[in-house]
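See below for the structure under consideration.
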Amino acid sequence: MTKEERDTRYRESHREQRRLAEKARRERKKHQRTDKPFVGVDGEGGNIDGRHYYTCLRAGDRELYTGAPLSTTACLEFIGSLPTGFIYVGYYFGYDVSMILADLSQERLARLLNRDSRKIRVGTDREAFMPLDWGDRFDIDLIGGFKEFRVRDRWRSTRYVTIYDCAGIFQSSFLKAIKAWDIGTEEDWAIIEEGKSARSSFTEATDEIRRYNHLECKLLAQMMESVRDACNAVNIYPNKWTGAGQLAESLLRTHHMESYQGELPPVLEKPAATAYFGGRFEILRQGILNDVWEYDINSAYPDAMQHLPCLAHGEWTTGVRSEIYLVHLQWAGTDRYDRNDPGPFPFRQQDGTIVYPASGRGWYWSWEVEAAKKIGLWNITIDKAWSWVQECDHKPASWVPALYDYRKSLGGPRGQVLKLAINSLYGKTAQNIGRPKFRSIVMAGLITSYVRARLLRDAYRQGECVMFATDAVYFQSEAKFETGDQLGQYGVQHFQSYFILQPGIHFSISGELSKKKTRGVPIRLLDPDRIVTIWRERGRDGGYRFEYDKFWGIRLCNQTNHMEMLGQWTVEPKTLAYASVVAKRMYEDSEVPVPPVTEEGQFWRLLAYEFAPLSLKESVVYERAMKMAPESIEFYMAMENEPDYPAYYQEIEGLKDA
């Protein structure tokens, strides 16, 4: 054997040893993640002498209770003293974080909430975030809003205690979640239901309240153990327990999705970002409609993912040279185009709203362009074009259909876990907060473009379209689409009478099916019968007034400069204006600014199209929205911890999943 052969053999042997060592390390780490017991963390507050205070805090069997309101120092000392070897989880933990940090000054809270203000550079190519120090003893950090709350007691240890907000996994109230996962007994459920309904009247932490609090922590830990078992059964091993986005990330790691994403040339970074739009929300008819058919694509975004190209093997070239291309174009409706019909492309106005006008210009992906060309109602002129020429036969997400079928065969909790993970895959490609390993603005843009193109094509194929809602299209006649429960097929429902008020607020008013959809306003705050009655009486001049409980959390108090209200609850009035939505057909050209309506109306349109992530905490249009409608922003913030509220936003929760 020659020296060269020996060296080659040695290198190959070493490479295999390193591979096996890395595999063993990953297995050890995986089991370390999966073996730690869960501990539920929850606190209770009460109204004492007209103010709301935090009165007890519990982590499993450990409790902080003094008989008096708890201070920030006491709470941080309690959390910092929790033992290692456990995974600590809360359920809609934002309330607790606000109460725990109630003693911090506004300046300190502002710095805590703005994580970018604590960013430092480590070495030449890495960034890190400094924690917020509290006195000479505690370090505090918030990640992803309230998804991770981290505390370190420097007097005790160099480690952090992290509390994950796991509510995003369940997308429902705690009571609904434990029932769905069959956790606890019917007696336990009754205690939880009674405790939840009585929370607003809590005063001092009585023995009964403390027992209720203990039970909630116990059931939460049991439920998370069941969730983990279900995840492991389908080879999902999340690094964190903060929502469905983490389940999706585990799947993407397993299938090495990052290896198919490639690098985007700098010249295309801005065009690709400009061509990214979310789901299509648009009403074409408003009011009470008879005979409405809803066609809803089963797992629309996962279905679109299976058509994604491999972006790692190929090249970007100018011109239209392949099926996947990105173009800057101008369009205008022909004489045959009726302005009451859907427009072809989304257009982002200066105030952030998205409209679908008869004419305009912008960057768009090939799937939407081809759909518009096939319909043939617009003159389309392409100014610039780039094509992706793939040089391999890889299909990065070809595994999605089989996983979808497997999820259907499972049913029960394991099937639910897989459903959440699959439906959150898209969000990880669009994630732009934290360290998004799977972010690809090209893949994210292609996914949403594919779904919008399909809905547009089918809307014109059928006719009589009255509304688009992300992955669903509504008609006033029955369509001949392929329906069923397979991936990408349409599910169908028929409603004898249906009410459409605005994007995100629409529901059946016939007796045969109960369907109510709201976004931005929890359904429990609305009286559908009253909403319809007002419409019948006043039409677009009407307005629905309601009241909601506003919790003054740390972000709301910091933003409004009302720190004296921190931790308090108030009852606030709100009006849902029926004329707040301006239909796209009011615009003669997409370059014309949106006609002024009301501040509230501007906000709700902005919310309907742009604020898809779970919270406003790091929205790119946040500052504009705050100036536009501060009262509506306050309402939005107050709703963030509503059990009914995040269900819709979870659809693309990964966008802000740090």
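Basically our numbering = 1-based index in the sequence shown + 358. Note that beta-carbon positions come from the ideal geometry of N, C-alpha and C, so glycine has one too.
Determine the burial state of Asn597: buried for a count of at least 16 other Cβ atoms within 10 Å of its Cβ, exposed for fewer.
exposed
Checking the sheet assignment: what are the DSSP bridge partners for Gln748?
Gly672
Alpha helix (DSSP H) runs wholly inside the stretch 413 to 480, at least 4 long, in chain order
430 to 438, 452 to 458, 464 to 471
Do you know offhand how far Lys732's Cα is from Gln748's?
24 Å
Consult DSSP for His686 and reduce its assignment to one of helix, strand or coil.
strand
Tyr634 and Ile805 closer than 7 Å at C-beta:
no
Would you say Leu609 and Ala779 are within 7 Å of each other, going by their C-beta atoms?
yes
Could you pull out every residue in the same chain whose Cβ sits closer than 8 Å to the Cβ of Ser429, ignoring the five residues on either side in sequence?
Asp461
Taking the alpha carbon of Thr739 as the point to measure from, which residue in Lys777, Val727, Asn781, Gly448 has its own alpha carbon closest?
Val727
Across the stretch 843 to 862 and the stretch 657 to 672, are there enough close Cβ pairs to call them in contact, namely three or more that are closer than 8 Å?
yes
Range covered by the alpha helix (DSSP H) that runs through Pro931:
Counting along the chain, Pro931 falls outside any alpha helix (DSSP H), though it belongs to the beta strand (DSSP E) covering 927 to 935.
For Glu362, does the count of other Cβ atoms within 10 angstroms reach 16, so buried, or fall short, so exposed?
exposed
In terms of residue numbering, what span does the alpha helix (DSSP H) encompassing Asn571 cover?
565 to 591
Going by DSSP, which residues form a beta bridge with Leu500?
Phe507
Between the CA atoms of Pro624 and Pro931 - distance to the nearest angstrom:
49 Å
Cβ neighbour criterion (16 or more within 10 Å) applied to Asp899:
exposed
Do Asp649 and Gln851 have their C-beta atoms closer together than 7 Å?
no
Beta carbon of Trp539, beta carbon of Pro771: below 7 Å?
yes
Using DSSP's beta-bridge definition, name the partner residues of Glu552.
Its beta-bridge partners do not exist; DSSP assigns none.
Note down, in chain order, each residue of its chain lying with its Cβ closer than 8 Å to the Cβ of Lys537, except the 5 sequence neighbours on either side.
Trp547
Assuming Ile805 is part of the alpha helix (DSSP H), what are its boundary residues?
799 to 820
Cβ of Ala579 within 7 Å of Cβ of Glu402?
no
Three-state class that DSSP yields for Arg611 in the structure shown:
helix
What span of residues does the beta strand (DSSP E) with Ile858 cover, start to end?
848 to 860
Note down, in chain order, each residue of its chain lying with its Cβ closer than 6 Å to the Cβ of Glu989, except the 5 sequence neighbours on either side.
Model confidence at Glu989 stands at a pLDDT of 49, short of 50, so the residue's coordinates are unreliable and nothing is read from them.
Which word fits His671, buried or exposed, when buried means at least 16 other C-beta atoms lie within 10 angstroms of its C-beta?
exposed
First and last residue of the alpha helix (DSSP H) that includes Ile892?
886 to 896
Entirely within the stretch 719 to 775 and at least 4 residues each: give me those alpha helix (DSSP H) ranges in chain order.
724 to 733, 758 to 768
Indicate whether Phe396 and Ile445 have their beta-carbon atoms separated by less than 7 Å.
yes
Just confirm the distance between the C-beta atoms of Val455 and Gly398, as a whole number of angstroms; I'd bet it's less than 8 Å.
With a Cβ gap of about 16 Å, Val455 and Gly398 do not count as contacting.
Can the beta-carbon of Leu813 be found less than 7 Å from the beta-carbon of Phe796?
no
Which residue marks the beginning of the beta strand (DSSP E) containing Ala830, and which one marks its end?
830 to 833
With a cut-off of 8 Å on the beta carbons, I'd call Ala426 and Leu440 a contact; round off their distance for me.
22 Å between Cβ atoms; not a contact.
Nearest-angstrom Cα separation, counted from Gly785 out to Cys589
19 Å
Is it buried or exposed for Arg514, if we count other Cβ within 10 angstroms and need 16 for buried?
exposed
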